[in-house]
Amino acid sequence: MILHTNADFYIVAKPSGLGMHTEGDTLGIIALLEAQTAESLYPVHRLDKETSGLLIVARSSEAASIFGRLFETREIEKFYIALGGNKPKKKQGMIQGDMAKGRNGNWLLKTSQDNPARTQFFSHGTGTGARLYILKPLTGKTHQLRVALKSISAPILGDKRYGGAPAERLMLHAMSLRFTWKGDAMEFLLPPSAQADFAPLDWSQFPSLTTPWEYDWPVVHS
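Read left to right, the sequence shown gives residues 1 to 222 (full-length UniProt numbering).
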């Protein structure tokens, strides 16, 4: 699970189906990592249980505090990949709005903008009946990306909660992280092709996925 070791943090590959924290007799990823490393570890962000991909896990409370500030000031770039509906209301741009819980416990995207969830995205056709979405969240709300794609009529495949078409798993993967740590530029990539249970597309037709930060992301001011 550990892909990269730094004196201050680990970069970890979380599989789909593994929760962040222990549930009953099922250990979460943090407990598993602590058993593996014999260290007390500090998660600095989270992924849904069904989502696979890259996690930053701090090795000290001091490092966790620094990461908290970096996330707060949007100095950590996160890029996700998803397979969703093939006929979205728009194929690229920004999805933003306040989020609120509906009566059934699901999150909804509202038109108000008091404290909005904000997600930039591009998409590509795949020729499979599903569309490929490259997502860059600018905020970190619960179920943000899942709700964002549902809001443009493109729910993620395998997302039973938000109306996605059936699939073996939730087709959402945290593909890349990019940030500066103590003066050093850090770039980490875990391509979807590395996930045996992710969609078996011909990923060679999407070479831009190896450097998702080089998409023409518009600059967004707070």
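Ideal Cβ placement from N, Cα and C applies to all residues, glycine included.
Around the beta carbon of Ser208, fewer than 16 other beta carbons lie within 10 angstroms, which makes this residue exposed. Distance check between Asp8 and each of Tyr162, Pro155, Pro43 places Pro43 closest, using alpha-carbon atoms only. Straight across, the Cα-Cα distance linking Ile29 with Gly163 is about 27 Å.
Counted as a single uninterrupted DSSP element, the stretch harbouring Ser151 is not any beta strand (DSSP E) but the alpha helix (DSSP H) occupying residues 144-151.
DSSP places Leu33 inside the alpha helix (DSSP H), whose first and last residues are 29-37.
Look at Phe9 here: in three-state DSSP terms it is strand. Burial check for Pro200: the Cβ neighbour count within 10 Å stays below 16, so the residue is exposed. Within the model, the alpha-carbon separation for Leu138 versus Leu145 is close to 11 Å.
DSSP lists Val57 as the bridge partner or partners of Pro43. By the Cβ criterion, the segment 48-65 is not in contact with the segment 100-118, since fewer than three pairs of Cβ atoms, one from each stretch, lie closer than 8 Å.
Within the same chain, and ignoring the five residues on either side of Arg46 in sequence, the residues whose Cβ sits closer than 6 Å to its Cβ are Met20. When beta bridges are read from the DSSP output, Asp184 appears opposite Trp181. In this structure, the CA atom of Leu190 is about 10 Å from the CA atom of Lys14. For Trp217, the closest C-alpha among the options Pro192, Ala167, Gln92, Ala154 is that of Gln92.
DSSP places Ala82 in the uninterrupted beta strand (DSSP E) bounded by 77-84.
The DSSP-derived three-state label of Thr111 is coil.
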